[in-house]
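Take the sequence shown: its position 91, counted from the start at 1, is 91 in UniProt numbering, and no numbers get skipped. Even for Gly, the Cβ is constructed at its ideal location relative to N, Cα and C. Computed from a predicted structure; not experimentally measured. Inspection log for the structure reproduced underneath, given as structure tokens.
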Amino acid sequence: MRRHRLSTRAWHWLNVVAVFTLLMSGLTIFNAHPRLYWGQYGANPDDPWLRIGATQSGDGYLRIGTIRIDTTGVLGSWQKDGRQVVRAFPHWMTLPAHYNLAEGRKYHFLGAWLLAICGVLYLLWSLVNRHVGRDLLPERGELAPRHLWQDVKNHARLRFPRGEAAVRYNILQKLAYLAVLFVLLPAMVLSGLGMSPTMNASWGWILDLFGGRQSARSVHFIAAMLIVLFILVHLAMVVLAGPVNEIRSMITGRFRIPPEKAS
């Protein structure tokens, strides 16, 4: 049967390109100053709430508040072509792979435009075909504590829906997708605009929403990491639910309904 409409499939794969371009180029930009602050201002002498760096002996670390985690070989200090590199995120996580802030910003703007255009088109088309209201908005019964808890237990036990129920989104999927669409992505867009000097001159109220440029930068980073977490959980669920069937449904739209278990 057909599970996903063409518009949903196209938006999904264009989003993959846009989001990974944004994430990887964003890490390049972050490498220019691998510290995060709250408020209006933040510079090297100030105390950040998050910092990725390296000690004088070359050990990498991640510090969040008073908690310090050794990250040698992954963050702060890592190897490339047999030599030690002291930089927050390694080359295989960034775009471009070599450190170039100007190129990183160009890729970031490219990804942002792609995400914005696809997002607007998706929203308009969803209003036409009622995708959000039909497929994503929870029904009243699904929000009952007993139903929510049952879905949590089913996921924890890796019990995935079968039969016609496998075609529909379950309540945890709906809540996750709605959180990304209407909380994380808007937070990313607004905080990104809040860091733009051009937007500050035109729409200064955006920066005021976050309480300063450094707070906007922190919100931008936190939202990005939550999107990364969503992607990791999403991929894990695809693999556990049956990668061939799930991926095929997002490429061709064709989905094989898992048969009901005999009682």
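Unbroken beta strand (DSSP E) run spanning residue i, endpoints
i	result
aspartate 70	67-70
leucine 50	50-54
valine 85	83-87
Distance between residue j and residue i (C-alpha atoms, nearest Å)
i	j	result
proline 45	alanine 216	20 angstroms
serine 218	glycine 211	11 angstroms
asparagine 129	alanine 187	26 angstroms
leucine 172	glycine 133	16 angstroms
alanine 176	leucine 127	20 angstroms
valine 239	valine 233	10 angstroms
glycine 53	proline 197	27 angstroms
leucine 123	leucine 181	10 angstroms
asparagine 15	leucine 115	6 angstroms
leucine 158	phenylalanine 230	17 angstroms
alanine 166	isoleucine 257	7 angstroms
arginine 9	glycine 253	7 angstroms
residue 266	leucine 95	Residue 266 lies beyond the stretch modelled for the chain, which goes from 1 to 263, so this question has no answer here.
alanine 88	histidine 147	43 angstroms
histidine 4	valine 19	20 angstroms
Host alpha helix (DSSP H) of residue i (start-end)
i	result
glycine 204	204-210
Contact check, residue i vs residue j, beta carbons under 9 angstroms
i	j	result
residue 311	leucine 23	A query on residue 311 cannot be resolved here, the shown segment of the chain reaching from 1 to 263 and no further.
methionine 199	leucine 207	yes
glycine 76	tyrosine 61	yes
residue 284	proline 90	This structure gives no information on residue 284, because the portion of the chain shown stretches from 1 to 263.
threonine 28	glutamate 142	no
isoleucine 69	leucine 50	no
Exposure label - residue i; buried when at least 16 CB within 10 Å
i	result
aspartate 81	exposed
proline 145	exposed
alanine 179	exposed
Proximity test, Cβ basis, 9 angstroms: residue i and chain B
i	result
threonine 198	Here there is only one protein chain, and chain B is not present.
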